[in-house]
Amino acid sequence: MCYGLFIATGSFFLGQQQVFPAFLRGSIFLTLAALLPLPLLIYWFLRVRFSKAYKNQLSATRYRSPLENVINRRKEYFPPDDRHSFP
Numbered sequence: 000m001c002y003g004l005f006i007a008t009g010s011f012f013l014g015q016q017q018v019f020p021a022f023l024r025g026s027i028f029l030t031l032a033a034l035l036p037l038p039l040l041i042y043w044f045l046r047v048r049f050s051k052a053y054k055n056q057l058s059a060t061r062y063r064s065p066l067e068n069v070i071n072r073r074k075e076y077f078p079p080d081d082r083h084s085f086p
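Numbering that gives the first Met the number 0 numbers the first residue of the sequence shown as 0 and each following residue consecutively.
Below, the structure written as structure tokens:
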């Protein structure tokens, strides 16, 4: 998502400079605003990649397949009926 934001800000701040006041056109402020998402992208990538906060979150709770969820719900709504079971 940061890469998409980088493309959008670059297109807006550098490609549409005619919509800004004359004193901002061609200034360093528009270039900085266009390039700011790139360091944020790199920071977030490194934070997620090398941080322990995001590791093993799925192993804390057991993943159940959608079919397993359907079978368990069916057992809750339709408990086994002993009257119709054969000996």
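Every residue gets a Cβ at the ideal spot worked out from N, C-alpha and C, and that includes glycine. Keep in mind it's a predicted model, so treat the numbers as computed, not measured.
DSSP state of residue i mapped onto helix, strand, coil
{"i": "G25", "result": "coil"}
{"i": "G14", "result": "coil"}
{"i": "L35", "result": "coil"}
{"i": "P20", "result": "coil"}
{"i": "A59", "result": "At A59, the pLDDT of 48 sits below 50, so the modelled position is not reliable; the number obtained from the coordinates is stated separately. In this structure, A59 counts as helix in the three-state DSSP scheme."}
Terminal residues of the alpha helix (DSSP H) in which residue i lies
{"i": "G3", "result": "1–8"}
* Asked: Can at least three beta-carbon pairs, one atom from the stretch 25–32 and one from the stretch 40–50, be found at a separation below 8 Å?
  -> no
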